[in-house]
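Colleague:
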Amino acid sequence: MSKVIVVGGGAAGMMAAVFAAENGHHVQIYEKNDRLGRKLFITGKGRCNITNASDVEELFQAVVSNPKFLYSAFYSFTNEQVIDFFENLGVKTKVERGNRVFPVSDHSSDIIGALQRELHRLGVQISLCTEVEKICVENEKITGIIISDDS
Ligand SMILES: Cc1cc2nc3c(=O)[nH]c(=O)nc-3n(C[C@H](O)[C@H](O)[C@H](O)COP(=O)(O)OP(=O)(O)OC[C@H]3O[C@@H](n4cnc5c(N)ncnc54)[C@H](O)[C@@H]3O)c2cc1C
């Protein structure tokens, strides 16, 4: 087991923390806001457009520049896996015009709530109102972080 520090408790940070914890690591999230997923709350006009249910190959056609960059990401954790992930956390989803996927409730807060519950279930430690100012590196290894004095 190693210690994993996640800087930022947005969508990416929460997902990274969930998967690191699932893989047996001791995980701590540092978030400068007073709550997790603040931006996620306003996404999709408050409904959170989770993913798109089109065929993965079709998704690449919608990427304006350098779609190859996303190849590994799209195939490592596909749109279907994203939907299954949230359904397994108890968030029912629906597909709308253009194959856009939303929670049935139309509330992005349900996505945030599901992720928060999963973080707690997995024992992820969460430090809110904590801004990481610097990541300390020695001999190409991360040795720690420095928290802003204002936090
Ligand atoms: C109006 C709007 C609507 C959108 N709608 C959608 C949508 O429907 N579907 C969709 O997929 N995407 C949507 N997006 C894009 C959306 O913002 C991203 O999908 C999502 O928020 C990206 O998550 P993230 O974790 O990468 O970044 P963020 O959500 O920005 O999370 C980063 C987190 O890191 C924290 N942080 C940053 N620096 C530090 C630090 N030094 N120390 C501690 N914490 C730190 C921030 O406070 C923040 O909480 C929308 C964006 C906007 C602006």
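Per our numbering: the sequence shown = residues 976 to 1126. Heads up, the beta-carbon is just placed ideally off N, CA and C, and yes, glycines get one too.
Between which residues of its own chain and residue 1101 is the CB-CB distance below 6 Å, once the five residues before and five after are set aside?
Modeller: Start at 1 with the first residue of the sequence shown, and residue 1101 comes out as number 126. Here the set comprises 1004.
Colleague: For residue 1078, write down the residues that DSSP places opposite it in a beta bridge.
Modeller: As a position in the sequence shown, residue 1078 is number 103, starting the count at 1. 1068, per the DSSP bridge assignment.
Colleague: For residue 1121, I'd like the list of residues in its chain whose CB is within less than 6 Å of its CB, leaving aside the five on either flank, ordered along the chain.
Modeller: One-based indexing of the sequence shown puts residue 1121 at position 146. Counting only Cβ-Cβ distances below 6 Å, and skipping sequence neighbours, we find 1108 and 1109.
Colleague: I'd like to know if the segment 1033-1040 and the segment 1014-1022 are in contact, where contact means that at least 3 CB-CB pairs between them fall below 8 Å.
Modeller: Segments in contact, no.
Colleague: Does at least one heavy atom of ligand 1 sit under 7 Å from the Cβ of residue 1014?
Modeller: Within the sequence shown, the letter at position 39 stands for residue 1014. Checking every heavy atom of ligand 1 against the Cβ of residue 1014, one is found closer than 7 Å.
Colleague: Quick check: the Cα distance between residue 1032 and residue 990, rounded to an integer number of angstroms?
Modeller: Locating residue 1032 in the sequence shown gives position 57, counting from the first residue. Locating residue 990 in the sequence shown gives position 15, counting from the first residue. The straight-line gap from Cα to Cα measures roughly 23 Å.
Colleague: Is residue 1109 near ligand 1, going by C-beta to nearest heavy atom under 7 Å?
Modeller: Residue mapping note: residue 1109 aligns to position 134 of the sequence shown, counting from 1. Residue 1109: no, Cβ never under 7 Å from ligand 1.
Colleague: Using DSSP with H/G/I as helix, E/B as strand and the rest coil, what is residue 1098?
Modeller: As a working mapping, residue 1098 is identified with position 123 in the sequence shown. The answer is coil: DSSP assigns residue 1098 none of H, G, I, E or B.
Colleague: State whether the segment 1019-1031 contacts the segment 1054-1065, with contact taken as three or more CB pairs (one from each stretch) at a distance under 8 Å.
Modeller: Yes, the segment 1019-1031 is in contact with the segment 1054-1065.
Colleague: Taking 7 Å as the line, does the beta carbon of residue 934 fall inside it for any heavy atom of ligand 1?
Modeller: The requested residue 934 does not occur in the structure, where the chain is confined to residues 976 to 1126.
Colleague: Would you check if the distance between the CB atom of residue 993 and the CB atom of residue 1097 is smaller than 8 Å?
Modeller: The residue given as residue 993 occupies position 18 in the sequence shown. The residue given as residue 1097 occupies position 122 in the sequence shown. Yes, Cβ-Cβ distance for residue 993 and residue 1097 is below 8 Å.
Colleague: In chain order, what residues of the same chain lie with their CB nearer than 6 Å to the CB of residue 1067, ignoring the 5 residues before and after it?
Modeller: Here residue 1067 refers to the residue found at position 92 of the sequence shown. Closer than 6 Å at the Cβ level, and outside the excluded window around residue 1067, lie 1079.
Colleague: Which same chain residues, not among the five before or five after residue 1087, have their C-beta less than 6 Å away from its C-beta?
Modeller: The residue given as residue 1087 occupies position 112 in the sequence shown. So the qualifying residues of the chain are 1012 and 1015.
Colleague: Rounded to whole angstroms, what's the CA-CA distance from residue 1006 to residue 1074? Just pull it up for me.
Modeller: Looking up residue 1006 in the sequence shown gives position 31. Looking up residue 1074 in the sequence shown gives position 99. The alpha-carbon atoms of residue 1006 and residue 1074 are separated by roughly 32 Å.
Colleague: Given 7 Å as the limit, tell me if residue 1067 has its C-beta closer than that to any heavy atom belonging to ligand 1.
Modeller: Here residue 1067 is taken as the residue at index 92 of the sequence shown, counted from 1. No, the Cβ of residue 1067 stays beyond 7 Å of every heavy atom of ligand 1.
Colleague: CB-CB under 6 Å to residue 1123, same chain, minus the five flanking residues each way: which ones, in chain order?
Modeller: Reading the sequence shown from its first residue, position 148 is the one you call residue 1123. 1106 and 1108, listed in sequence order.
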